[in-house]
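Colleague:
Residue numbers (my numbering): 129 to 335.
1. Would you call residue 309 buried or exposed, if buried means 16 or more other Cβ atoms sit within 10 Å of its Cβ?
2. Here's the rule: buried if 16 or more other CB atoms are within 10 angstroms of the residue's CB, otherwise exposed. What is residue 132?
3. For the structure I just gave you, are there three or more beta carbon pairs, one from the segment 153-168 and one from the segment 189-203, closer than 8 Å?
4. Is it true that the CB of residue 225 sits closer than 8 Å to the CB of residue 313?
5. Does the segment 254-267 come close enough to the segment 166-177 to have 3 or more Cβ pairs within less than 8 Å?
6. Tell me, please, which residues DSSP counts as bridged to residue 332.
7. Looking at the structure shown, is residue 227 part of a helix, part of a strand, or coil, going by DSSP?
8. If contact is defined by three or more beta carbon pairs under 8 Å, each pair taking one atom from either stretch, is the segment 210-230 in contact with the segment 319-329?
9. Pick helix, strand or coil for residue 300, following the three-state DSSP scheme.
10. Are residue 185 and residue 223 touching if we call contact CB-CB under 8 Å?
Here's what the structure looks like:
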């Protein structure tokens, strides 16, 4: 009698579900490793597939990262816009957006590592273009809120909105870098409120 295989059966998931699982695994692995160092073998092992099976869902490792960044852009921008819409004023919306971004990074700490890694590359790859598109969408949201704050009289009438948008993103990136260096990503939640208050002091209309 033929003995039954002792290998665990691989659960067959629909293609979209399996792709989502691979993307989630890639972002999870990026928490502790540079995206360049993560191999297709690592990705396959993370989701319990062979390399051959992995390539049935994505033709290359680059395709995995493109899908991952598309997921990030969709979900991050959606959460930021939703946070802004739930506020009663432009300045409150800025605070909500700030908190939403921090919470997103705490929930998905591999995301900033992927973004920072790609922005450091000299080649203007499709992935880098995706990152740039994400940042442009983020910047447009901030510019709209800052200009609305000026129109309401909540922010200084001579506020340099483009510079204020750059500073906003830079503050979040600074918090991310600090937390990555300390190895305590959750520390962002502690530091963020104090840092944002300083930002508000710089853009508010003075009496």
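Even for Gly, the Cβ is constructed at its ideal location relative to N, Cα and C.
Modeller: By the coordinates alone:
1. Residue 309 sits at position 181 when you count from the first residue of the chain shown. Label assigned to residue 309: exposed.
2. Translated into positions along the chain shown, residue 132 becomes position 4. Reliability fails at residue 132, whose pLDDT of 42 lies under 50, so the model's placement of it is uncertain and the value that follows must be treated cautiously. It counts as exposed.
3. yes
4. Position 185 of the chain shown, counted from the start, is the residue given in the question as residue 313. Position 97 of the chain shown, counted from the start, is the residue given in the question as residue 225. Contact flag unset, no.
5. no
6. Your numbering for residue 332 matches position 204 in the chain shown. Note: residue 332 sits in a beta bridge opposite 283.
7. As a first step, residue 227 must be located in the chain shown, where it is residue number 99. Helix, per DSSP.
8. yes
9. Here residue 300 is taken as the residue at index 172 of the chain shown, counted from 1. DSSP places residue 300 in helix when its eight states are reduced to three.
10. The sequence position of residue 185 within the chain shown is 57, counting from 1. The sequence position of residue 223 within the chain shown is 95, counting from 1. Not in contact: residue 185 and residue 223 (Cβ atoms no closer than 8 Å).
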